[in-house]
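K.L.:
Could you have a look at this structure, given as structure tokens, before my questions?
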Amino acid sequence: MRRSWFLVAWCVLSTVIFAGMSIQITSESTVVNVQDSVLISVTVVDSETGQIIEKDLTLSADVNIGGFADPEIFFSGVTLKKGKAEIVYIAPSVPGEAVLMLSNVELGIEASYTLSVQERERLSLISKASLAVFEFAGEVALRKSGQELWNPISKNDRVEEGDEILTMRDSYVILEGMDGVMLTIPPQSQVLFERLRTDGERMDVSIKVKKGETVSEISRILTGGSKFQVGAGSVVAGVRGTKFAVEAGDTCYVRTFEGEVIAEVGGKVIPIPEGRMGAFIGTSFEILDLDRGLDYYEKTKERIKEKETKKEEAPTEERREEAISRASQLVNLGSITKGDTGYMVYSLTPSFKLGPVELGIGINAYQKEITGPLYFGVPPSDPTTPPSTNVLSAFNIAWVAYSGKYLDLRYGYMQRYTYGLGLLMKNYTKKYSRAVDVALKLGEGKHVLSVHLPFEVLSFVPFEYEQTSPLFFANYTVDTELTWGGPYVSLTGVMDTAELSNESTPSTAAMGGFSLAVEERLLQGSWGKFVVGAELAGLMDQEQLGYGAFFGAMGNLYTLDWGAGVVYMGEHFVSSYYGSNYEKRRPDQLPDLTDTGTPTWGSLVNIGLTLEPFLKAEANLVNYQSHADISPILSTEALLRLPKIGNFNGLALKLAYLQYKFEFKGLDMSTFFNERTYLDLRVGYPISEFQYLVYNISYDYENDTFQQTISYESSF
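Mapped onto my numbering, the consecutive letters of the sequence shown carry residue numbers 681 to 1396.
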């Protein structure tokens, strides 16, 4: 009872003491630019006299847009000492009318104050910037702006405006650039680079964390007019020079390791000082102590690196690595690239002959990814062109050819080109790219001069065309008629125009090549051919000239290829350099002519089967004279692709097998699996457009066992 009377007495006394009190708010200016601050003075005065009431009290504070330099004001209010206080208001990143509200419910006083937040001069940075790949480990994928396909990232990639990065489990990537910006993307994160602009001094950067997190380190203070923002969910964090992390999720976190971060959510501005973090759920938030430091991310990177090191199979012998390099070749089939976009293509091309004219009718379909729908027609050069679901679009004219007494002329999709015995060029093509092939026949067809021109006609009125490949080549063949099979003598020249003009940044690709061949064509027809002979070939880049030679036999039966003979591999020479995968490999996967191994003589037998776009397999047995300690070498590579059918997402299988010092002891396990064997079998099942479930089998020769693992990978 006494307590109740005490409370009543206190309320009456307070009302008497603070009767006639009001809140007075003033500022240096009522206009403030976006993201700027203004000092606000708060006093409690006598309503009649205007004199400051020198009492200590607390006012609740809120603002519709913007925030306070001290974010605790949102929770604890403004504390007045002897009736006075000063607070710093921070304007949001968008213009508007900010209304500051102060009140004390117990005293029955309140006041509001309006500030006009206006737009400053907008950044007009038109120069797009990029970030370089400083370091990465594990499975990291990059999707370029405007594309649908994810590709494995490489050290040479540049991340540009509109690009997106995805890191898998036990993976990370570090990007750097723009004079002082370093960005770490930890495991299981997806980050979109919405804007990357600079004029050399100022920068305009906007990054969106879709899942996972990013760690940003800005080593310099950004100049006036610069902007560096990282968003996650409804939260946007902006800085002028600091180290911080932004994590996306149901609860978004902004962690400040050095300096200060200004977070913005629902129009509210919340400064997060060093050593603290903001936790955001929707538009509500709280400020907490840091739960981790920068060393957490360093330890994560070290752990991933350690795992990567353990996964790498240390070579048992340096010579074994040379054997793998000599014998293995990259297998890719059924996929093509138009512009920067990759496609999986299925094609059938029947032909019809009407006198001297032959017409090829293409029946084509393709997928943008192995899990995606099937579209009809040929993939467009422009990735923005909408795909067709009309089955009539599957039909097109694949080629038109004319064969006369003195002239052969063909325009259409490239065929497979092999000259001589295939030492220089074997089965070269560029899928679904058109070209013009002209052949002049003289002396009753004994002399044939053929030229390959990689151009496609885009329109006849007005006449427009484009170059479909940088590779030009010509061949001169003469039938000596000394025997019933010839012999035929041929001279071939190849020129890569892109490499000829690439003076400033030399690449590993060859500028061109040449070959001189003598062939005895024992059998030849539409079903295939059987040829014996010899070929001398050369390759040259901007600094080296390499030679090779082959004496033996080669041929094919429809899609089954074979060859056998004696080969010389000189320094700076690679056999069948212009092959079926040349166009796919030429950007950055071709063997370097400066690092091709020791010159050597040897013998070889090879056989290959291609059933496009589903199967490609090849086996080689080579015996190098100067590598007697590792020869003979048996190697096999195979790629099998099954397309998406109904609810079946498709399947991809890759096999790589190698055994050095191969010795046939019969058809038993010890012949093919022993201490000299390397085996890697990978089965990839697509579970999304950018992730595969990969089942891997490898042979452990030390324990004579097969090791099995399952992993998730961004490409297969």
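From the three backbone atoms N, C-alpha and C, an ideal C-beta is built for every residue, glycine too.
(1) Between Ala812 and Thr864, what straight-line distance do the alpha-carbon atoms span, to the nearest angstrom?
(2) Can you grab the Cα-Cα spacing for the pair Glu1144 / Lys1110, in whole Å?
(3) Apart from the five residues just before and just after Leu974, which ones in its own chain have a Cβ nearer than 7 Å to its Cβ?
(4) Return the chain-ordered list of same chain residues with a C-beta closer than 6 Å to the C-beta of Leu1402, the five sequence neighbours on each side being excluded.
(5) In whole angstroms, give me the CA-to-CA distance for Ser896 and Gln715.
(6) Which term fits Tyr1082, buried or exposed, when burial requires 16 or more other beta carbons within 10 angstroms of its beta carbon?
(7) According to the neighbour-count rule (16 or more other Cβ atoms, all chains shown, within 10 Å of its Cβ), is Lys1085 buried or exposed?
(8) On a Cα-Cα basis, can you pick out the residue from Arg882, Lys1334, Glu986 that is closest to Tyr1375?
(9) Is the beta carbon of Ser1306 sitting closer than 8 Å to the one on Thr1351?
(10) Thinking Val722 and Ser709 are a contact (beta carbons under 8 Å), I'd like their distance in whole angstroms, please.
(11) What residue range is occupied by the uninterrupted alpha helix (DSSP H) comprising Tyr1349?
(12) Considering only DSSP beta bridges, list what Pro832 is partnered with.
(13) Just to confirm, are Gly700 and Ser727 a CB contact at a threshold of 8 Å?
(14) Tell me the rounded alpha-carbon separation between Phe686 and Glu786.
(15) Leaving out five residues before and five after Gly675 in sequence, what residues of the same chain have Cβ atoms less than 6 Å from its Cβ?
(16) Does DSSP put Thr1278 in a helix, a strand or coil?
(17) Across which residues does DSSP place Asn1090 in a beta bridge pair?
(18) DSSP on Tyr977, reduced to helix/strand/coil?
(19) So for Val785, helix, strand or coil by DSSP?
(20) List the endpoints of the continuous beta strand (DSSP E) containing Ala1299.
(21) Expressed to the nearest angstrom, what Euclidean distance is found between the alpha-carbon atoms of Met1234 and Met848?
(22) Between the segment 1284-1300 and the segment 1309-1325, can you find at least three pairs of beta-carbon atoms closer than 8 Å?
(23) Within 10 angstroms of its Cβ, does Gln1339 collect 16 or more other Cβ (buried), or is it exposed?
(24) In whole angstroms, what is the alpha-carbon distance linking Val820 and Val853?
(25) Label Cys691 either buried or exposed according to how many other C-beta atoms from any shown protein chain fall within 10 Å of its C-beta, with 16 as the threshold for buried.
(26) With Gly1218 and Gly1193 assumed to form a contact (beta carbons below 8 Å), what rounded beta-carbon distance in angstroms separates them?
(27) What residues are listed by DSSP as bridge partners for Gln1339?
(28) Consult DSSP for Lys1264 and reduce its assignment to one of helix, strand or coil.
(29) Sorted by chain position, which residues of the same chain lie with C-beta nearer than 8 Å to Asp930's C-beta, five sequence neighbours on each side aside?
(30) Considering only C-alpha positions, which residue in the set Gly1173, Asn713, Gly1123 is nearest to Glu1161?
(31) Pick helix, strand or coil for Ile733, following the three-state DSSP scheme.
(32) Please classify Gln1388 as buried or exposed, where buried requires at least 16 other C-beta atoms within 10 Å of its C-beta.
(33) Verify whether the separation of the beta carbon atoms of Tyr1337 and Ser1311 is less than 8 Å.
(34) Nearest-angstrom Cα distance between Ile845 and Gln870?
(35) Should Pro1030 go down as buried or exposed, given a rule of 16 or more other Cβ atoms within 10 Å for buried?
(36) Which residues mark the beginning and the end of the beta strand (DSSP E) in which Glu893 is found?
P.N.:
From the atom records:
(1) 12 Å
(2) 21 Å
(3) Lys923, Phe937
(4) Absent from the model: residue 1402. The displayed extent of the chain is 681 to 1396, so no value can be given.
(5) 20 Å
(6) exposed
(7) exposed
(8) Lys1334
(9) no
(10) So it is not a contact: roughly 16 Å between Cβ atoms.
(11) The question names Tyr, but residue 1349 in the sequence shown is Met. Taken as a continuous stretch (DSSP letters only), the alpha helix (DSSP H) holding Met1349 covers 1349-1352.
(12) Ala821
(13) yes
(14) Note that Phe686 scores 43 on pLDDT, short of 50, meaning its location in the model is unreliable; the coordinates nonetheless yield the value given after this. Whole-angstrom Cα-Cα distance: 16 Å.
(15) In the structure displayed, the chain extends from 681 to 1396; residue 675 sits before or after that span and is not available.
(16) coil
(17) Note that residue 1090 corresponds to Arg in the displayed sequence, not to Asn. Answer by DSSP bridge pairing, in chain order: Ala1081, Asp1117.
(18) helix
(19) coil
(20) 1295-1304
(21) 45 Å
(22) yes
(23) buried
(24) 7 Å
(25) Only weak support is given to the placement of Cys691: the predicted model assigns it a pLDDT of 46, under 50, and the value that follows is read from those uncertain coordinates. Answer is exposed; the Cβ neighbour count stays below 16.
(26) 6 Å
(27) Leu1314, Thr1357
(28) helix
(29) Ile961
(30) Gly1123
(31) coil
(32) exposed
(33) no
(34) 6 Å
(35) exposed
(36) 893-898
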